[in-house]
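Structure record follows, encoded as structure tokens.
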Amino acid sequence: MVMKKQNIEKAYQLARQTYAAYGVDTEQVMKQLATVAVSMHCWQGDDVGGFENAGGALGDGLAVTGNYPGKARTPDQLRADFAKALSLIPGSHRLNLHACYAEMEGKKVDRDALGIEQFKNWVAWAKTLKIGLDFNQTYFSHPKVLGGMTLTHPDKAIRQFWVEHGIRSREIGAAFGKALQNTCLTNLWIPDGMKDTPADRRGPRERLAESLDAIFARKIDRKLNVDSVEPKLFGIGAESFTPGSHEFYLGYAVSRKTLLTLDAGHYHPTEGIADKISSALCYLPEIALHVSRGVRWDSDHVVTLTDDLQAIAQEIVWGNYLGRVRIGLDYFDASINRVAAWVIGTRNMIKALLLALLAPIDTLKQAELAGDYTTRLALMEDLKMLPFGAVWDHYCAQRGVPVANAWLAEVKQYEKDVLAKR
Ligand code: RNT
Ligand code: ZN
Numbered sequence: 003m004v005m006k007k008q009n010i011e012k013a014y015q016l017a018r019q020t021y022a023a024y025g026v027d028t029e030q031v032m033k034q035l036a037t038v039a040v041s042m043h044c045w046q047g048d049d050v051g052g053f054e055n056a057g058g059a060l061g062d063g064l065a066v067t068g069n070y071p072g073k074a075r076t077p078d079q080l081r082a083d084f085a086k087a088l089s090l091i092p093g094s095h096r097l098n099l100h101a102c103y104a105e106m107e108g109k110k111v112d113r114d115a116l117g118i119e120q121f122k123n124w125v126a127w128a129k130t131l132k133i134g135l136d137f138n139q140t141y142f143s144h145p146k147v148l149g150g151m152t153l154t155h156p157d158k159a160i161r162q163f164w165v166e167h168g169i170r171s172r173e174i175g176a177a178f179g180k181a182l183q184n185t186c187l188t189n190l191w192i193p194d195g196m197k198d199t200p201a202d203r204r205g206p207r208e209r210l211a212e213s214l215d216a217i218f219a220r221k222i223d224r225k226l227n228v229d230s231v232e233p234k235l236f237g238i239g240a241e242s243f244t245p246g247s248h249e250f251y252l253g254y255a256v257s258r259k260t261l262l263t264l265d266a267g268h269y270h271p272t273e274g275i276a277d278k279i280s281s282a283l284c285y286l287p288e289i290a291l292h293v294s295r296g297v298r299w300d301s302d303h304v305v306t307l308t309d310d311l312q313a314i315a316q317e318i319v320w321g322n323y324l325g326r327v328r329i330g331l332d333y334f335d336a337s338i339n340r341v342a343a344w345v346i347g348t349r350n351m352i353k354a355l356l357l358a359l360l361a362p363i364d365t366l367k368q369a370e371l372a373g374d375y376t377t378r379l380a381l382m383e384d385l386k387m388l389p390f391g392a393v394w395d396h397y398c399a400q401r402g403v404p405v406a407n408a409w410l411a412e413v414k415q416y417e418k419d420v421l422a423k424r
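Quick note: to get the numbering used here, add 2 to the position in the sequence shown (first position is 1).
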């Protein structure tokens, strides 16, 4: 569907007046929205496959379902698909790489020996797109994930291998930051855990803390790279015990001054991450998010405009935390067009931020402070009926990307011209 230009404009002008009546300046809102960069995860493009051929199949707590045709099989394909997605999303965003997306170019370089050399094509390409890069250490799909363990493994040699990987990853992050003059976030998540009730919860946790301290021992200029740790309460095959739990990493982040990555799929099914943001930010200068959508479990469905997503955006915006939360996405759906999955999820993240920015937050807070919860509730419900779609369409048009669902025709065309031929 292609909307007429003058209709987009007419609808926007009316919406602008409606929001003005609530004391909200839509022009100002769009300016602020344009400053938010979402870190888009590379791994939606190829079902968390990567390019290093380390010999480990995906598993280790991760599962991708579906076999939609046309997935990226080479770095160039993944870059082309990502650039296509980016061209359909308003604003300037970032790419979040995983270490397993290293380009070996004929050499065999194991995870403990990776360097910026294996990512030079990514950096050169990011420069041409003028985007920042983020990074993730990869502790899965590798034969040295032994018995589901990496940094907590009882065997020191196994732990040491992964510690080296962590050190190399931070160096790569710093090299990204330097080359692109744009601070990289290097995130750490490990799949370690136990299927059944452990006899010893203390040992693995103490080993994890020791391994992490070894990884983070070297100080790195925070302008180049910042580090984050990502908790999880459970995983496939780690239903009974996860050493890297929420409490573990919250304590770690606060005491070691790293960031904390809150992943929306990593908690109990009814436990949202929105409420954790202001708590964590009482003690941490910055946090990171893996915005995801769990359906019954950490299923990593494409992010949709749910109440949960809106609550996350509200907490960031209403708490005035836009400068302290690094928003990243984390989902992988192989049952639909993967470029579309990127576009839908990222556009939804931005829509949720727009919705939160369009709320008359000062009025809401005043009502709350005055104890007038009736007005607060009434106003919050009113907001749901306001014409935010007209502002969104205008924003997309202003940023030169397809309005409404016009992006879908472009993805379908790309599927025909490019993806179907793979
Ligand atoms: C797993 C974590 C982790 C991964 C990615 C691929 O549960 O959420 O962030 O999804 O690193
Ligand atoms: Zn995650």
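C-beta atoms are modelled at their ideal positions from N, C-alpha and C, and glycine is treated no differently.
On a predicted model such as this, the values are computed, not experimentally measured, just so you know.
- The criterion of a C-beta distance shorter than 9 angstroms is not satisfied by F137 and N184.
- A distance below 7 angstroms between beta-carbons, with the five flanking residues on each side excluded, links F163 to the following residues of its chain, in chain order: D114, K146.
- Assigned with DSSP and collapsed to three states, H95 falls in coil, not helix or strand.
- Taking the Cα positions, Q30 is about 34 angstroms away from G47.
- Following the DSSP letters along the chain, one finds I238 in no alpha helix (DSSP H), marked with neither H nor E.
- Between the C-alpha atoms of V231 and A17 there is a straight-line separation of about 41 angstroms.
- The continuous stretches of beta strand (DSSP E) do not include L60, and DSSP gives it neither H nor E.
- Burial is judged here by how many other beta carbons sit within 10 angstroms of a residue's own beta carbon; N322 has fewer than 16 and is exposed.
- Between the ligand RNT and G237, a heavy atom-to-CB distance of less than 8 angstroms is present.
- H292 has its CB nearer than 8 angstroms to a heavy atom of the ligand ZN.
- A heavy atom of the ligand ZN is found nearer than 8 angstroms to the CB of E232.
- The beta strand (DSSP E) runs lying completely inside the segment 91-169 and spanning 3 residues or more are 96-100, 134-138, given in chain order.
- One Cα belongs to M32, the other to A361, and the distance between them is close to 13 angstroms.
- Between R328 and L187, the C-beta gap is smaller than 9 angstroms, which places the two residues in contact.
- It is roughly 25 angstroms from the alpha-carbon of L291 to the alpha-carbon of D364.
- According to DSSP, C186 shares a beta bridge with N227.
- Pairwise C-beta distances place the segment 154-169 out of contact with the segment 69-85, as fewer than three of them are shorter than 8 angstroms.
- Secondary structure note for G325: it is in no alpha helix (DSSP H), with a DSSP letter that is neither H nor E.
- Inclusion of F334 and V66 in the CB contact set at 9 angstroms is warranted, their separation being smaller than that value.
- Exclusion of the five residues before and after D49 leaves V66, K73, F334, A336 as the residues of its chain whose Cβ lies within less than 7 angstroms of its Cβ.
- Burial check for K129: the Cβ neighbour count within 10 Å stays below 16, so the residue is exposed.
- If you check the C-beta of P271 against the ligand RNT, you find no heavy atom less than 8 angstroms away.
- For the options M382, H155, A315, the alpha carbon positioned closest to that of L35 is the one of A315.
- Counting along the chain, S337 sits inside no beta strand (DSSP E), nor does DSSP assign it H or E at all.
- Rounded to the nearest angstrom, the Cβ distance from I133 to S94 is 7 angstroms, consistent with a contact under 8 angstroms.
- The Cβ atoms of V38 and L311 do not sit closer than 9 angstroms to each other.
- Distances between the C-beta of D332 and the heavy atoms of the ligand ZN include at least one below 8 angstroms.
- The residues V40, M42, I91, in chain order, have a CB closer than 6 angstroms to that of T348 in the same chain once the five nearest residues on each side in sequence are set aside.
- With a cutoff of 9 angstroms on beta-carbon distance, I346 and V305 are scored as near each other.
- Within the model, the alpha-carbon separation for M351 versus R298 is close to 21 angstroms.
- In this structure, S89 lies away from Q139, with their beta-carbon atoms at least 9 angstroms apart.
- Residue environment: M382 is assigned as exposed (fewer than 16 neighbouring CB atoms within 10 Å of its CB, all protein chains considered).
- Contact between the segment 3-19 and the segment 390-407 is present, with at least three C-beta pairs closer than 8 angstroms.
- The residue among A211, P245, L153 with its C-alpha nearest the C-alpha of G195 is P245.
- Looking from the CA of M106, the closest CA among R424, R378, E54 belongs to E54.
- Burial state of I289 is buried, judged by a 10 Å Cβ sphere holding 16 or more other Cβ atoms.
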